[in-house]
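For the sequence shown, the working numbering gives the first residue as 300, with consecutive numbering after it.
Cβ coordinates follow ideal geometry from the N, Cα and C atoms, glycine included.
Each remark here refers to the structure printed beneath this line.
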Amino acid sequence: MELADRVKALRQALGWSKVKLAKKSGIPPSTISRIESGKIAQPKMGQLCKLADGFGITVDHLLGR
């Protein structure tokens with residue numbers, strides 16, 4: 300599973316909108332949309348850390364490791 304699919308699946312499993320994930324992670328909703336669509340295929344480490352923190356998981360889990 301690609302990162303884009305993983306982020307979207309995690310968000311949907313929690314029942315969160317992109318706006319809620321944005322508030323939890325500190326990443327703008329537009330950036331979350333670009334990550335989920337694959338337009339940002341390799342987010343910066345800071346973005347990965349913020350996403351993982353927003354979800355309450357590790358970066359390794361977010362990356363599927």
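Are Arg-305 and Leu-320 closer than 8 Å when you measure CB to CB?
no
For Gly-337 and Ala-303, I'd like the C-alpha separation in whole angstroms.
Cα atoms of Gly-337 and Ala-303: separation of roughly 6 Å, rounded to the nearest angstrom.
Ser-324 and Gly-353 closer than 8 Å at C-beta
yes
Kindly list the residues whose CB is nearer than 7 Å to the CB of Leu-350, restricted to its own chain and excluding five residues on each side of it in sequence; keep chain order.
Closer than 7 Å at Cβ, skipping near neighbours: Val-306, Ser-324, Ile-326 and Leu-361.
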